[in-house]
Every structure is written in C-alpha cells, then in structure tokens.
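Colleague: In our numbering, the protein residues as written are 123 to 725. Backbone N, C-alpha and C define an ideal beta-carbon position, used for all residues, glycine too.
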Ligand SMILES: [Zn+2]
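1) Starting from residue 412, trace the alpha helix (DSSP H) in both directions and tell me its first and last residue.
2) Please state the DSSP three-state secondary structure of residue 322.
3) Determine the contact status of residue 409 and residue 389, defining contact as a CB-CB distance below 8 Å.
4) How many angstroms separate the CA atom of residue 708 from the CA atom of residue 592?
5) If contact is defined by three or more beta carbon pairs under 8 Å, each pair taking one atom from either stretch, is the region 374-385 in contact with the region 272-279?
6) Would you say residue 199 touches ligand 1, meaning its beta carbon is less than 7 Å from a heavy atom?
7) Given this structure, state the Cα-to-Cα distance separating residue 655 from residue 380, to the nearest angstrom.
8) How would you write the range of the beta strand (DSSP E) that residue 156 sits in, first residue to last?
9) What did DSSP end up calling residue 315 once you bin it into helix, strand or coil?
10) With a threshold of 7 Å, establish whether the CB of residue 171 neighbours any heavy atom of ligand 1.
11) Ignoring anything shorter than 4 residues or poking outside the region 463-530, list the alpha helix (DSSP H) runs there in chain order.
12) Taking three-plus beta-carbon pairs below 8 Å as touching, is the region 178-188 in contact with the region 295-305?
13) When you compare only the Cα positions, how much space is there between residue 537 and residue 506?
14) Which residues in the same chain as residue 136 place their Cβ atom closer than 8 Å to its Cβ, once the five residues preceding and following it in sequence are excluded?
15) Would you mind giving the Cβ-Cβ distance between residue 668 and residue 608, rounded to the nearest angstrom? I have them listed as a contact below 8 Å.
16) In chain order, what residues of the same chain lie with their CB nearer than 7 Å to the CB of residue 603, ignoring the 5 residues before and after it?
17) Less than 8 Å between the CB atoms is what I'm expecting for residue 321 and residue 366, so what's the real figure, rounded?
18) Per the DSSP calculation, residue 398 is bridged to which residue(s)?
19) Going by beta-carbon coordinates alone, are residue 509 and residue 517 separated by less than 8 Å?
20) Please classify residue 421 as buried or exposed, where buried requires at least 16 other C-beta atoms within 10 Å of its C-beta.
21) Out of curiosity, what's the CA-to-CA distance linking residue 140 and residue 177?
22) Can you say whether residue 226 is buried or exposed, counting buried as having 16 or more other CB atoms within 10 angstroms of its CB?
23) Could you spell out the range, first to last residue, of the beta strand (DSSP E) harbouring residue 383?
24) Which whole-angstrom value is the C-beta distance of residue 172 and residue 179, which I expect to be below 8 Å?
25) Using only the alpha-carbon positions, how far apart do residue 556 and residue 189 sit?
26) On the premise that residue 642 lies in contact with residue 596, defined as a C-beta separation below 8 Å, what is that separation, rounded to the nearest angstrom?
27) So what's residue 152 in DSSP terms, helix, strand or just coil?
Quick look at the structure:
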C-alpha cells in the first residue's frame, strides 16, 4: 500500500504528537515541551521529550526520535504501512489503496469476523447452554470484566445459526467460508458453521481487530468425535504461525518489563492478565515459529517459557527453543506442569505462587543440565555419552564464546572428564538448526545490534557538540582540524561552515540540516528548562564528547584490524598487523584512562 505525500501530510496536520505519544506514555509538561521516562530504553531520570511546536519526539538517552510515524512504528513494533493505517484511522483520513479489490475483500473479512464475534458474545449467557458456558468460565475464575475484555463467546450447537445471521447482514456464504467460519458441505447443501457447541476465544491482531477464533468444546451434540480445541484455518487474515494470543494487550507491558512470558493456553493468558501479569501471551495451536520470534524480537529479547515440555521427546518445542537461541533470545523456563497444573490454575490458586515461579525461572542451560543429569547415570560410560548428546548441541548453539566456555567447563567437571574431550565432542555435535535463514527472515547477526548502538551514540555526541556550540559559540575553538574526521559527513560540513565564520541562523534554514536543527532546538530548550547536563564548563563537555567519539572510532578500527589479522596468512605481515593493533589498543586504553571511565558524558 502506498499513501500519497499529501495524505501523509493530512494525517500529520490532523493529529497532535502530544496526544498520540501521551496515549502510550505519561507525559509531564515542562516549559514548551513535554517530558517522560523513555519507553524505548530503561532509565530512571526522564530524558524523553516531545515537542508540540515541532511535532517531534526525541530521547536524549538512547537517541530514539523523529516523527509521529516513527513513534508508532517503534512502540507498536510495526512497519510503516501499519503505522500509517493506525494513524490514518485516528485522524479519520481514508487511505487510497493500490488494490481496491483486495482491500475490499480483506475489509469484508474483518467485518465478518467482528460480527461473528458479537454474535458469539451475545450467545454466551443468553441461551440455556450459553448460560452454562458462562457459568463454567466464571467458575474457572475468569471474571466478568475479562469475559468482556477478551470478548469471549459461545457458538450455539446449530448447523447454520451463525451463517444465516451473517447472510441476513448481507454477506455471501462464500465469504463466510473464506473467513474460516463455515465449512463446505459434501452433500452439496449450504456450507455449515465450523464452530458449533463451543466456548469461543476470539483471536486478535496487534490492533485488537478480530481475525480468527479458537473454540473449546462445550456441550456439543456430536461429542464423541470432536476435538477439544479447534481453530480458524489459514485465511487471508489469520495465519497461526504469525499470531500470538494476547499480544495486542501484552505488547506495552512486554516492552516495559523487557520480558515476555509464553504460555500454551488461552485461559493461561487471560488469567495472567487478570492478575496483572500483563506481559503474557499464549502460543496456541502451534509450536513457536520463526515468525512468532521475529515479532517478539521487536518487543524484548527475554523469553520465559511456561510450557509443558519434554526435551528428549518434544521436537516441535525443541525446534522453537533452538531457533530462539540462535536469534539470541535469553530463554528461561518455568516448570509449571510438574504438579499437573497449568498456569491458569496456579494463578487462580495464588498469584503470589506464580510470581515466585516467574522469579525463580531457570536459565535454559541449567534446565538442559538438570534434565540430562536426572535422566542418565553420569558414572556409567554410556550415561556420560547420552548426557553429552543432550547438552552438547545446546552448548554449540551459544553464540558468545565466553559463555560457551563456561558451560564446557561445567559439563567436563560434572561428568568428571577432561575439558579437551568435551571440546573434541563439541565439534561433532549437531546443532539441529531446523530452519533455513530464509525462513527466519534475516540472518542472526550479533554485530548489528552493537554497531547500531555505537552509531546512535555517535549521533548523540555530535548533536551535543553542536548544541554546546549554539549555546556558547566560542566553544567551537576547542574543536581542532584533527577532530573533524571523527564526525559524520553532515556534522563535519556543518562544523566546518561554522568554524569558517558562517552564521547559525543562515545555516539552520538549509533543508539538509532541518531535522538536525529541529532536534538541536529541542535539545537546547530541554537543557535550559531541565538542565540536562552537569555543571561542567563548555570546554570540558566538548573534550569529553570528542574523546568518546575518538574511543568509538578506535574500537571500530580495532575490530577491523582483528578481522584483517585473522585473514592474513603471511606470518610476517601478520606480525606487523599485530604490532599496529597493540599500538592502537594502547591509544584506546589511554583515551579511556584520561576520562576516568569510558569517557562517557551525559549527552
Ligand atoms: Zn530512550
């Protein structure tokens, strides 16, 4: 979908960034701007600012910032197209679509799902069986308010009750089938309702629109052959491999807690939310898929699995865990099922117990160790071999070499064997990488995250230097020619223009500097209003910034040199490179030492 520039402008004109950001985070007015604790990084002292005058936001802690669209993309974890939809909706702007036919089809499926959801909601508590279904839910501890919030319902045990209702509202039987709500009849009759005599759990997308349903059998006439749970099949709207139940309600809490708790059942997620554990979602009707993990990655790297699992047998779960590990999630495990209870039951009995279980969740490696060592005899040679078979692939998947070495030592120690033997076997261990990179959607790359942080930091430092120069033009004298190569080209040009005698007011009118200057202006306002910086002199501040920039550059150079050393086959050249490396490393060391720390200034 492509929106025209004029539509984007119209959306921007109609909305106020203060209202949009304010609906996600608590804003406090400070002078001309608003301030908040940043929703994108963890901090105590708020350094997140929203400027109504410039219709922009900026965090001076992590560097996040820009327009209303960037904010929605970041906080909702969605692509531009979806952010556009969300904001167009709020602004009351109707977007022109590229393919009106497809749009209409999707739109009608959304309408059908929503109508069906209302239909099921009405049935719950109304018909005789609907009443019983509701009593059953309440008895299981689900409160009235949760029934409403999650739009729980009941599908009557009739063949065409829902279909006839939807047809009366102007939808075709074919469309009802496409929404996954009806099934074609083999005898050539009208399609019949898929969900009959079931408690209905609507499934929402990230914007809380109904896209599918899960149904739990309840007083169905054809009791014998019916599966306990059925789900909407794959439709234009619903794909189980990409949907996590409850994520629409959980996403902000997952980000805030920087942790996501994964359960297996709808009621687990509902009960958890009801008791305030709002960072909980359910993986329903499927194992953890690459798409699930890619979605979760937008919100947090920390997963707590409250699954019923058996590492020796359950391959689907294991595949999900392996994949999560290779995507560098930190995984912890709660063994809830040992007492035969599911999370919903534990939470109902005692939220405190659940809190305890969460806080005592064990790291995945500890879990591998425990299950392997409790399943086999570590004193027998055969037992040692079997233990190795379970643990070694898990160790091999660990990306961080220091962490990996820790577990190698531990395994050798516990088995009472030499570390070299473990290392040797590690080479042969299969990592069972079950998914291809294409399936994952992007290659796991440990360096990108680090690189991005360094470059964000660099940007913040440069902004600070210019902000200082705006406040005290004489501070430009502290910047020497040799420093200029540390900057990004745009900053370099700007500083050179200023040092050459250009006037600030003139430069700030140039289009290429607009974004930078908007940010800077907000920064200067924030500084005057909130006094973000310590009471250091401008010179000291600039020196700190420059030296941290130098540190970033040196680290970068050292990383590149390390790669070159690894690749170099000529021994003599290698020797020279290593000497050069040592020299640069010393420089970095001095750079850090002269600043007392990593040369970090409060930008
Ligand atoms: Zn931030």
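Modeller: According to the data block:
1) Residue mapping note: residue 412 aligns to position 290 of the chain shown, counting from 1. Start and end: 412-419.
2) For the purposes of this step, residue 322 is taken as residue 200 along the chain shown, with counting starting at 1. Taken through DSSP and simplified to helix, strand or coil, residue 322 comes out as strand.
3) Numbered from 1 along the chain shown, position 287 holds the residue referred to as residue 409. Numbered from 1 along the chain shown, position 267 holds the residue referred to as residue 389. Cβ atoms of residue 409 and residue 389: not closer than 8 Å.
4) Position 586 of the chain shown, counting from 1, holds the residue named residue 708. Position 470 of the chain shown, counting from 1, holds the residue named residue 592. One C-alpha to the other measures close to 34 Å.
5) no
6) Locating residue 199 in the chain shown gives position 77, counting from the first residue. No, Cβ of residue 199 sits at least 7 Å from all heavy atoms of ligand 1.
7) Position 533 of the chain shown holds residue 655. Position 258 of the chain shown holds residue 380. Note that residue 655 scores 49 on pLDDT, short of 50, meaning its location in the model is unreliable; the coordinates nonetheless yield the value given after this. When rounded, the distance between both Cα atoms is 28 Å.
8) Looking up residue 156 in the chain shown gives position 34. Start and end: 155-158.
9) On the chain shown, position 193 is the one that residue 315 refers to. Three-state DSSP puts residue 315 in a strand.
10) Numbered from 1 along the chain shown, position 49 holds the residue referred to as residue 171. The answer is no for residue 171.
11) Runs of the alpha helix (DSSP H) spanning 4 or more residues and lying entirely within the region 463-530 occur at 465-471, 473-481, 486-497 and 503-519, in chain order.
12) no
13) Residue 537 sits at position 415 when you count from the first residue of the chain shown. Residue 506 sits at position 384 when you count from the first residue of the chain shown. Computed Cα separation, rounded: 7 Å.
14) Sequence index remark: in the chain shown, residue 136 carries index 14 (1-based). Listed in chain order, the non-local C-beta contacts of residue 136 below 8 Å within the same chain comprise 213, 214 and 215, local neighbours out to five positions each way being set aside.
15) Start at 1 with the first residue of the chain shown, and residue 668 comes out as number 546. Start at 1 with the first residue of the chain shown, and residue 608 comes out as number 486. Confirmed, about 7 Å.
16) If you number the chain shown from 1, residue 603 lands on position 481. Nothing listed; no residue qualifies.
17) The count along the chain shown starts at 1 and reaches residue 321 at position 199. The count along the chain shown starts at 1 and reaches residue 366 at position 244. The pair is not a contact, with the Cβ atoms about 20 Å apart (cut-off 8 Å).
18) Residue mapping note: residue 398 aligns to position 276 of the chain shown, counting from 1. Its beta-bridge partners do not exist; DSSP assigns none.
19) As a working mapping, residue 509 is identified with position 387 in the chain shown. As a working mapping, residue 517 is identified with position 395 in the chain shown. Cβ distance not < 8 Å, so residue 509 and residue 517 don't count as in contact.
20) Within the chain shown, numbered from 1, the residue matching residue 421 stands at position 299. Under this definition residue 421 is a buried residue.
21) Residue mapping note: residue 140 aligns to position 18 of the chain shown, counting from 1. Residue mapping note: residue 177 aligns to position 55 of the chain shown, counting from 1. Between the C-alpha atoms of residue 140 and residue 177 there is a straight-line separation of about 8 Å.
22) As a first step, residue 226 must be located in the chain shown, where it is residue number 104. Counting Cβ neighbours within 10 Å, residue 226 comes out exposed, since fewer than 16 surround it.
23) Start at 1 with the first residue of the chain shown, and residue 383 comes out as number 261. From DSSP, the beta strand (DSSP E) with residue 383 extends over 382-385.
24) Taking the first residue of the chain shown as position 1, residue 172 is located at position 50. Taking the first residue of the chain shown as position 1, residue 179 is located at position 57. The pair is a contact, with the Cβ atoms about 5 Å apart (cut-off 8 Å).
25) Residue mapping note: residue 556 aligns to position 434 of the chain shown, counting from 1. Residue mapping note: residue 189 aligns to position 67 of the chain shown, counting from 1. Bear in mind that a pLDDT of 42 at residue 556, under 50, signals an unreliable position, so the number given afterwards is only what the model happens to contain. C-alpha separation (whole angstroms): 39 Å.
26) Position 474 of the chain shown, counting from 1, holds the residue named residue 596. Position 520 of the chain shown, counting from 1, holds the residue named residue 642. So it is not a contact: roughly 18 Å between Cβ atoms.
27) Within the chain shown, the letter at position 30 stands for residue 152. Correct three-state label for residue 152: strand.
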